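Numbering (my numbering), first residue to last: 63 to 154.
Glycine included, C-beta positions come from ideal geometry on N, C-alpha and C.
All of these numbers come straight from a predicted model, not from anything done at the bench.
Structure, as structure tokens:
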Amino acid sequence: MGISLEEIIMERITGPGWVATRGVVRDPRSASSAEIEEAEQAMKNLAERGLVTLWRLILEHDGSQMLAAAKPGLQLDKDLEERGAWAKAELY
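In structure tokens:
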């Protein structure tokens, strides 16, 4: 049996402290809406158990949005702002 999406999410937030749906799907450029929805649902399941905090990422270049999961306590909005990142974050 392979690794679950929830396990992938928890593994990926270990280093930087957060991961977006793009970092969970197999190929971000060609991911189906069903695959993205499955990743988002896994993030929501983890949030319900208090293991992650959900954020909405808003890409600066086109305004598109995606869900992100972060370690509880990480202020992703401030972290991205301090780094001059490609997106802004709002609590989901």
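Given residue i as reference, the closest of the options once Cα atoms are compared
| i | options | result |
| --- | --- | --- |
| V114 | H123, G125, A82 | A82 |
| A132 | A104, I65, R91 | A104 |
| M128 | V86, I70, E69 | V86 |
| G79 | N107, G146, G135 | G135 |
C-alpha distance - residue i paired with residue j, whole-angstrom precision
| i | j | result |
| --- | --- | --- |
| W117 | S94 | 21 Å |
| H123 | W148 | 8 Å |
| R111 | G125 | 30 Å |
| L119 | A109 | 16 Å |
| L142 | I65 | 29 Å |
| L153 | E97 | 23 Å |
| K140 | S92 | 30 Å |
| G77 | N107 | 21 Å |
| E157 | D89 | This structure cannot settle anything about residue 157, because the visible part of the chain is limited to 63 through 154. |
Per DSSP, the bridge partner or partners of residue i
| i | result |
| --- | --- |
| R150 | Sequence check: residue 150 is Lys here, not Arg. K150 pairs with I120. |
Open item on the list: What ranges does the alpha helix (DSSP H) occupy inside the segment 68-152, keeping only unbroken runs of at least 4 residues that lie completely in it?
Closed with: Counting only unbroken stretches of 4 or more residues, the alpha helix (DSSP H) elements lying wholly within the segment 68-152 are 95-110, 138-145, in sequence order.
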